[in-house]
Amino acid sequence: MRRLRVKICGLTRPGDARLCHVAGADFLGVIFAASPRQVSRSQARAIRDAVPDAQLVGVFTEGHAEDIAAIVESVGLDLVQLHGSDSPERWQAVYRAAGVPVLPALTAAQVGEPAVSDAVRSDPHVACLLLDLPKEEHATNGARARLWEAALHCRADGLRIVLAGALDAAVVPVALAAARPYSLDVSRGVKSAPGIKDPTRVRRFLAAAQEAEVIGAS
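Numbering-wise, the numbering used here puts 77 at position 72 of the sequence shown, and it's gapless, one number per residue.
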């Protein structure tokens with residue numbers, strides 16, 4: 006049975022990283038892009054030291070490939086998540102500089118472009134494809150449905166999808182049934198404040214993912 010993965014993003018504190026890792030999260034995300042959850046290089050390194058065995062993902066929007074590579078090396082990142090670019094050339098440049106797999110983050114509209122989906126499918130340096138809602142789009146039922154439909158089409162094309170889009174524990178069963186992703190990505194759905202994770206919400210989300218996975222496999 007294919008096991009569902011979970012990525013918890015927006016971590017700012019080592020204690021929260023340990024909590025998420027021990028609770029069963031497969032990937033932990035730290036944000037270097039401008040955000041209320043943005044971390045410094047030293048904060049990210051402290052998180053890395055707290056969970057040396059975790060798969061740590063760095064989230065970026067801008068920056069030269071060489072600058073991203075320097076952060077990857079000093080922090081000890083395992084993957085680079087890139088927002089704001091649907092350029093395969095940029096993904097490849099970051100991979101060549103940093104030497105770790107790249108996780109492009111795209112919207113449903115972007116991934117609908119045949120050239121983009123073809124590039125993702127053929128690029129060995131792309132680990133998976135993250136699908137998210139545009140920043141300006143609210144997480145309405147209609148917006149989520151369009152995102153999940155795009156994810157399902159990508160999966161049918163042989164792509165591994167990391168599904169984001171304002172997820173929380175309540176929506177997990179519906180999202181899994183509709184999109185069949187490789188992994189879920191959650192941040193705000195398990196927070197108590199920006200950058201601060203709520204232990205109860207973390208465990209509830211992971212339990213919902215595990216329960217929905219078992220039901221889907223039965």
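Just so you know, even glycine gets a beta-carbon here, dropped at the ideal spot from N, CA and C.
Inset, instruction - State the start and end residues of the unbroken alpha helix (DSSP H) segment that holds V179. - result: 177 to 184 is the extent of the alpha helix (DSSP H) around V179.
Inset, instruction - Just the C-alpha distance for A59 and F32, rounded to the nearest angstrom, thanks. - result: Their backbone Cα atoms lie some 7 Å apart in a straight line.
Legend entry - 8 Å Cβ cutoff met for V121 and I13: The criterion of a C-beta distance shorter than 8 Å is not satisfied by V121 and I13.
Inset, instruction - Using the Cα positions of L181 and D123, report the straight-line distance between them to the nearest angstrom. - result: So the two alpha carbons sit approximately 24 Å from each other.
Legend entry - Beta-bridge partners of R10, as assigned by DSSP: S188.
Inset, instruction - Decide yes or no for the touch test of the segment 143 to 162 against the segment 203 to 214: beta carbon pairs closer than 8 Å, at least 3 of them. - result: The segment 143 to 162 vs the segment 203 to 214: no contact.
Legend entry - Opposing strand residues paired with A198 [DSSP bridges]: According to DSSP, which records beta bridges pairwise, A198 is partnered with I201.
Legend entry - C-alpha gap between Y4 and I36, whole angstroms: Within the shown structure, residues of the chain are numbered from 6 to 223, placing residue 4 beyond reach of any answer.
Inset, instruction - Report yes if the CB atom of A49 is closer than 8 Å to the CB atom of P19, and no otherwise. - result: With contacts defined as CB atoms closer than 8 Å, A49 and P19 fail to qualify as a contacting pair.
Inset, instruction - Go ahead and pull the three-state DSSP assignment for A110. - result: In the structure shown, A110 sits in a strand (DSSP, three-state: E or B).
Inset, instruction - Grab me the residues of C133's own chain with a C-beta within less than 8 Å of its C-beta, minus the 5 sequence neighbours each way, in chain order. - result: The residues are L108, L164, R165, I166, V167, Y187, S188.
Inset, instruction - For I76, write down the residues that DSSP places opposite it in a beta bridge. - result: Answer by DSSP bridge pairing: none, since I76 is not bridged.
Inset, instruction - On the DSSP bridge assignment, give the partners of L135 in chain order. - result: The partner list for L135 (beta bridge, DSSP) reads A110, V167.
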